[in-house]
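Asks:
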Amino acid sequence: MKFGIIGLGNIGRVHAKNIQDGLVGNAELVAVANQPIESMDDFKAQGIACFGDASELIESGLCDAVIVALPTHLHAPIGIQALEAGLHLIMEKPLACHKAEGERILAARQSESQTIGLMMNQRTHPCYVKIKQWIDAGETGELQRVSWTMTNWFRPEIYYQSSPWRATWKGEGGGVLMNQCPHNIDVLQWLVGMPSNVRAQCSFGKYHDIEVEDEVNAYFEFPNGATGQFSASTGEAPGSNRLEIVGDLGTIITDGNEARLLRNSESVSGFSRRTDEMFGAPETTEEVYRPTEAVNQHAAILNNFVQAANGEAELIAPADAGLESLQLAGAMIFSTWIQDEVSLPLDSMAYEKAILEKIAQSKPREVLQTAAKVDMSKSYR
Ligand SMILES: NC(=O)c1ccc[n+]([C@@H]2O[C@H](COP(=O)([O-])OP(=O)(O)OC[C@H]3O[C@@H](n4cnc5c(N)ncnc54)[C@H](O)[C@@H]3O)[C@@H](O)[C@H]2O)c1
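So that you can map any letter, position 15 of the sequence shown is 11 in the working numbering, and since no number is skipped, the others follow by simple counting.
Put into structure tokens, the structure is as follows:
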């Protein structure tokens, strides 16, 4: 598959390196697009076609597929162009700035043979893969409660100051929910499904000089009556990552380094009804899973994408699934704006109307001219 990468910033360069290092089977990097065009001189020197304009790359006829790794507000216009040109598309996360934009991207598909993937790379994280296997095998039984404290996404002020688009309504449609947490929100709904109701309190610019949310506390209700909590922050250090999934038959706990399954000897609801022990509880046994090898998650998603486009595999992260994380993030923001509970599915038109009002008031950021030190390996949790 001949790949073009549009947007050669922090993550675009990671994808380029993975392809060029041969970590993606049957893939070749043939073109890149970025602004300014001089920023790609290292690629030009390798004979890779360089474009200062994304549309030129799309129309060049050089590529079978494009990876869109642009600032989030450009995902929809450029993603739609790529699909209308008949290309396969892998979109960086999040799919778009809000659900209605995401719907427009998906509607631009010209043919069923086009593969549209999403870089939700944490779906290949070994702990989450293991947890998915446990849940799908019925190990936890009916969901009672899910809780995710995801506060180890600390970002210092320079992270925001050095970017014109990050953490602005206009640039990405939100803050921690739209930039750092799309992975966690995606994994959450991939594992336990979507809640039916959301009540949340987001704090906007609480720890940073930004207009969007940098702290979130949310309460979920699921169709079966199960409950959930979600907390996120870019203002805490060291912060923590703790996911608990509690079911009638077992509990799963992970911190992202290992995953533990606590199996109940029998169903909690059954035990509760039959026991005569006033302080009794089911026995539990514990299985601990510790990944032995790190996975190159971005390369894994690209490998799967190529295989899916060749009809050899199901997509691990289809772009359609990106609508779920978009609407869940949107519901948390919307709930704060209206100070009320929000039912899902989110009304994409009502949400678009509300966010367009925020975008209209969004103030462009003056970018600090100090070069920030960038170590992308520290950006993933
Ligand atoms: N999956 C992940 O692990 C991961 C990690 C980081 C970022 N992301 C996502 O990837 C996207 C990009 O993030 P980033 O941190 O790499 O941003 P970035 O700002 O470092 O890079 C964006 C690049 O796009 C270029 N650009 C901007 N407008 C352009 C245009 N009109 N045409 C061509 N090039 C243009 C910029 O010059 C820049 O080089 C975001 O949506 C972000 O959420 C995903």
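Every residue gets a Cβ at the ideal spot worked out from N, C-alpha and C, and that includes glycine.
Could you give the DSSP three-state label for Y215: helix, strand or coil?
Replies: Strand at Y215.
Asks: Name the two residues that bound the continuous beta strand (DSSP E) containing A72.
Replies: That residue, A72, is in no beta strand (DSSP E); its alpha helix (DSSP H) goes H71 to E80.
Asks: Look at the Cβ atom of A65, then the Cβ atom of I112, and state whether they are nearer than 8 Å.
Replies: No, these two residues do not count as a Cβ contact at 8 Å.
Asks: Using only alpha-carbon positions, find the residue among I297, L342, V28 and Q176 that is nearest to K95.
Replies: Among I297, L342, V28 and Q176, the Cα nearest to that of K95 belongs to L342.
Asks: Can you list the beta strand (DSSP E) stretches of 3 or more residues lying completely in the segment 167 to 245, in chain order?
Replies: Within the segment 167 to 245, the complete beta strand (DSSP E) runs of at least 3 residues are 193 to 200, 209 to 217, 223 to 229 and 237 to 243.
Asks: Measuring only the C-alpha atoms, how far is S107 from C198?
Replies: Approximately 39 Å between the Cα atoms of the pair.
Asks: Between which two residues does the beta strand (DSSP E) containing Q140 stretch?
Replies: Residues L139 to M146.
Asks: Using 8 Å as the threshold, is the C-beta distance between R259 and G246 below it?
Replies: Going by C-beta atoms, R259 is nearer than 8 Å to G246.
Asks: Following a CB-centred definition, is Q31 positioned closer than 7 Å to any heavy atom of ligand 1?
Replies: Flag set: Cβ of Q31 near ligand 1.
Asks: I need the DSSP call for L322, collapsed to helix, strand or coil.
Replies: The answer is helix: DSSP assigns L322 an H, G or I state.
Asks: Can K95 be considered in contact with ligand 1, in the sense that its beta carbon sits closer than 7 Å to one or more heavy atoms?
Replies: The answer is no for K95.
Asks: Between L114 and A313, how many whole angstroms is the CB-CB distance? I'm expecting something under 8 Å.
Replies: That pair is a contact at about 5 Å.
Asks: Please check the pair G224 and S143, which I expect to be a contact at CB under 8 Å, by giving their CB distance rounded to whole angstroms.
Replies: Indeed, because the Cβ distance is near 7 Å, the residues count as touching under 8 Å.
Asks: Hey, out of R151, F216, G266 and M36, whose CA is closest to A368's CA?
Replies: Among R151, F216, G266 and M36, the Cα nearest to that of A368 belongs to R151.
Asks: Quick check on the DSSP output: the alpha helix (DSSP H) that includes N6 runs from which residue to which?
Replies: Note, N6: alpha helix (DSSP H), N6 to Q16.
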